[in-house]
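>
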Amino acid sequence: MRWQPSPDTAATAADPDAALLAHATAPPELADGVEALSYWHGRQRELPWYRRGARREATRMAAAWESRVAEAAIRARDVHPLDRGLAAVLVARSWGRRSVRRWAWRIQSRLLAVAGVAVAIYAAFELLL
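Counted from 1, the sequence shown has number 105 at position 105 by my numbering; the numbering is strictly sequential.
1. Work out the CA separation of L111 and Q44 for me, nearest whole Å.
2. V117: buried (16+ other C-beta within 10 angstroms of its C-beta) or exposed?
3. Indicate whether V132 and A70 have their beta-carbon atoms separated by less than 9 Å.
4. Could you tell me whether the Cβ atoms of A76 and E35 are closer together than 9 Å?
5. When the distance is taken between beta carbons, is A58 closer than 9 Å to W40?
Encoded structure:
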């Protein structure tokens with residue numbers, strides 16, 4: 001399908017580069033965005049642990065598509081409420097996973113630091129006695 005300027009970009013039709021750039025950076029259709037987001041989430045889950053580069057790419061692409069889908073869900077008109085709900089669930093689910101991982105990492109690092117300090121204090125007392 002050949003790109004056609006939409007009514008939103010008709011004002012910039014005098015500058016075709018600006019119109020193409022506006023089209024390229026616009027949020028996708030909600031259905032396309034949800035499909036792409038679910039693809040990247042699935043790819044992220046299915047890749048083996050040793051394919052770190054591919055997993056990193058899948059993580060970054062999922063994060064990029066999350067913001068696009070969130071924006072498309074806000075801007076979309078004439079979309080069924082269930083489609084908006086599906087988009088919201090996909091985005092919220094991944095945000096929840098990330099926040100749980102961050103929370104667990106913070107607790108783990110703090111516990112490790114406390115354990116290190118406790119060992120250092122114990123060693124210092126043993127040297128003094």
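Heads up, the beta-carbon is just placed ideally off N, CA and C, and yes, glycines get one too.
In this text the structure is predicted, and so the values were computed from the model without any measurement.
Checking against the coordinates, here is how it stands:
1. When rounded, the distance between both Cα atoms is 29 Å.
2. Classification for V117: exposed.
3. In the structure as shown, the chain begins at 1 and stops at 129. Residue 132 is therefore absent and cannot be evaluated.
4. Contact: no.
5. Yes, the pair counts as a contact, with Cβ atoms nearer than the cut-off.
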